[in-house]
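Take a look at the structure below.
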Ligand SMILES: Nc1ncnc2c1ncn2[C@@H]1O[C@H](COP(=O)(O)OP(=O)(O)OP(=O)(O)O)[C@@H](O)[C@H]1O
Ligand SMILES: Nc1ncnc2c1ncn2[C@@H]1O[C@H](COP(=O)(O)OP(=O)(O)OP(=O)(O)O)[C@@H](O)[C@H]1O
Ligand SMILES: [Mg+2]
Ligand SMILES: [Mg+2]
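Chains as they are written, first to last, in the numbering used here: chain A, 1 to 226; chain B, 1001 to 1226.
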């Protein structure tokens, strides 16, 4: 599903240059349930931003579903992203003036698809937020906002979901609930999941674990569920 | 240090009314190292916002160091807060146009105190962010931003630190590093720490654990370090 070839991402210039991701090569098969782990600052978010078409590598190439993405212009890149990828950001990024349901159904509304409200409410129930569809983000707890972001990523049934620390603000029951939802989508519909996480529970549910340190892959092993 | 008497916080009106905190009474002694735990949405952030003078209870009263805070006007309340309390927010709240060091030393700069830069760099080193003092928040990973927020809360050596999910985005090594820093401040300088957390590691280091569910205290027990 994803070919990541010699991807490097560098920030800044000269002595202050930061090598956030250094020459990473990986293959992601369709249907994977894979956790990226490693110390804070090791490059997990940066690497997933490249794979998720939110950013372009400094060098190297990425292709999603056979489509080379690292050479595309911004408009074409966001088309690929919109069609194929759902993203859960490390800092949620909900729109403050929209309700939970409006945040979730936004992608459908923009695509002029119908049935958005019903689908949003269904997903909000599945992530444990029954009855909270009409709250705004500042009327929700940190963990509740995080779960709205999970529902939003899933609304268009993307082929690939990239989830950056999806359980960081959740108690173990809520974290398990959304992880089980993701495993079900993975098992029944073949949705590919790539996680960035520090949560041992997510690692136990992963079938593959890719370990980063200082921007490099230092280990690629079976996860708890392999 | 803190007297929390029959504190209730309610949002909204009528049928949509949310009882985020329901009639909580607690005493916090100076020098405590206490974790507030409970499911997502159980009221931890809301309760700590009342104690930290960021919000006022709907009913009930709070006093910090003998000063009744729940009846104060906004100006007086922010004076108490500025003098006595350091806050680590669940979503960090760093100022995007300032560097990490400028964010940390801001409170000293506003109080026209000198030595801010040196103190900021010292604290950034203590939370594991050597060399990152001049980066802006969007040039830092999620966990690095969270640690800048920790350093900022400690810069004025407050009597009370309220830390809302301080390790949520940290790997276990970074989380242990900042928790050890906090334990040292607690042991050597008597700084009181109140945590909201889902992290078992923080609970193991706490001497007292207060368990919330649906806005009520359902358990008040010894922590791992009691
Ligand atoms: N402005 C508001 N209007 C209505 N309800 C609110 C508002 N702010 C918070 N709430 C509700 O109050 C309850 C407590 O929220 P709080 O943020 O204190 O939970 P929490 O224990 O910190 O959860 P988490 O672990 O997810 O951070 C939640 O059910 C939340 O939806
Ligand atoms: N715009 C930027 N300029 C300079 N350095 C940057 C920039 N953005 C990120 N970095 C650096 O790149 C490195 C990788 O960051 P990244 O966000 O990928 O880490 P991470 O593994 O997701 O960490 P965490 O677990 O804390 O979320 C970090 O050292 C960070 O400071
Ligand atoms: Mg990250
Ligand atoms: Mg909270």
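Note that the Cβ used here is the ideal one computed from N, Cα and C, for glycine as well.
Query, Result
"Residues bridged to residue 19 of chain A [DSSP beta-bridge criterion]", "A:10"
"Among A:36, A:29 and A:70, the one whose alpha carbon lies nearest that of residue 9 of chain A", "A:70"
"Where the region 1168 to 1184 of chain B meets chain E: residues whose CB sits under 9 Å from a CB there", "Checking the listed chains, one finds no chain E in this structure; the protein chains it contains are A and B."
"Residue 133 of chain A, enclosing beta strand (DSSP E) - first and last residue", "Here residue 133 of chain A belongs to no beta strand (DSSP E), and DSSP marks it neither H nor E."
"Cβ-based contacts, 9 Å cut-off: residues of the region 1025 to 1047 of chain B near chain A", "1037, 1038, 1039, 1040, 1041, 1042, 1043, 1044, 1045 and 1046"
"Per-residue burial, residue 57 of chain A [other beta carbons within 10 Å of its own, 16 or more giving buried]", "buried"
"At least three beta-carbon pairs within less than 8 Å, the region 154 to 162 of chain A to the region 84 to 103 of chain A", "yes"
"C-beta neighbour in chain B for residue 115 of chain A, strict 8 Å", "no"
"Minimum C-alpha distance to residue 1016 of chain B - residue among A:207, A:95 and A:134", "A:134"
"Short Cβ contact (8 Å threshold) for residue 1014 of chain B with residue 1212 of chain B", "no"
"Expected contact under 8 Å - CB spacing of residue 3 of chain A and residue 208 of chain A to nearest Å", "Going by Cβ atoms, the distance from residue 3 of chain A to residue 208 of chain A rounds to 16 Å, so no, they are not a contact pair."
"Chain B contacts from the region 71 to 90 of chain A (Cβ-Cβ distance under 9 Å)", "90"
"Partners in chain A for residue 1225 of chain B, counting only beta-carbon separations shorter than 8 Å", "Simply none; closest approach about 21 Å."
"Uninterrupted beta strand (DSSP E) stretches inside the region 104 to 162 of chain A (no shorter than 3 residues)", "none"
"Contact under 8 Å by Cβ, residue 1089 of chain B with residue 1196 of chain B", "no"
"Separation of residue 1105 of chain B from residue 1111 of chain B, as counted between CA atoms", "10 Å"
"Check: residue 1009 of chain B C-beta below 7 Å from any heavy atom of ligand 4", "no"
"Contiguous beta strand (DSSP E) assignments of at least 3 residues, all confined to the region 42 to 86 of chain A", "59 to 64"
"Among A:98, A:119, A:147 and A:100, the one whose alpha carbon lies nearest that of residue 108 of chain A", "A:119"
"Status (buried if at least 16 other CB within 10 Å, exposed otherwise) for residue 1199 of chain B", "buried"
"Any non-hydrogen atom of ligand 6 within 7 Å of residue 45 of chain A CB", "This structure does not include ligand 6; its bound ligands are ligand 1, ligand 2, ligand 3 and ligand 4."
"Alpha helix (DSSP H) segment containing residue 1179 of chain B, residue limits", "1172 to 1189"
"Among B:1224, B:1226, B:1123 and B:1220, the one whose alpha carbon lies nearest that of residue 1024 of chain B", "B:1220"
"Where residue 1157 of chain B falls, given that 16 or more other Cβ within 10 Å makes a residue buried", "exposed"
"Residue 1210 of chain B: first and last residue of the uninterrupted alpha helix (DSSP H) it sits in", "Note, residue 1210 of chain B: premise wrong, no alpha helix (DSSP H); beta strand (DSSP E) at 1208 to 1213."
"Three-state secondary structure assigned by DSSP to residue 97 of chain A", "coil"
"Run of the beta strand (DSSP E) containing residue 216 of chain A, from where it starts to where it stops", "216 to 222"
"Partners in chain A for residue 1050 of chain B, counting only beta-carbon separations shorter than 8 Å", "Simply none; closest approach about 15 Å."
"Segment contact, 8 Å Cβ cut-off, at least three pairs: the region 39 to 48 of chain A with the region 1169 to 1179 of chain B", "yes"
"Separation of residue 1137 of chain B from residue 149 of chain A, as counted between CA atoms", "21 Å"
"Contacts that residue 1139 of chain B makes with chain A (C-beta to C-beta distance below 9 Å)", "11, 12 and 18"
"Opposing strand residues paired with residue 1193 of chain B [DSSP bridges]", "B:1033 and B:1161"
"Check: residue 1230 of chain B C-beta below 7 Å from any heavy atom of ligand 4", "Residue coverage of chain B in this structure runs from 1001 to 1226, which leaves residue 1230 of chain B outside it and unanswerable."
"Burial state of residue 1153 of chain B, where buried means 16 or more other Cβ atoms lie within 10 Å", "buried"
"DSSP-derived helix/strand/coil call for residue 225 of chain A", "coil"
"is_contact[residue 215 of chain A, chain B] using C-beta, thresh 8 Å", "no"
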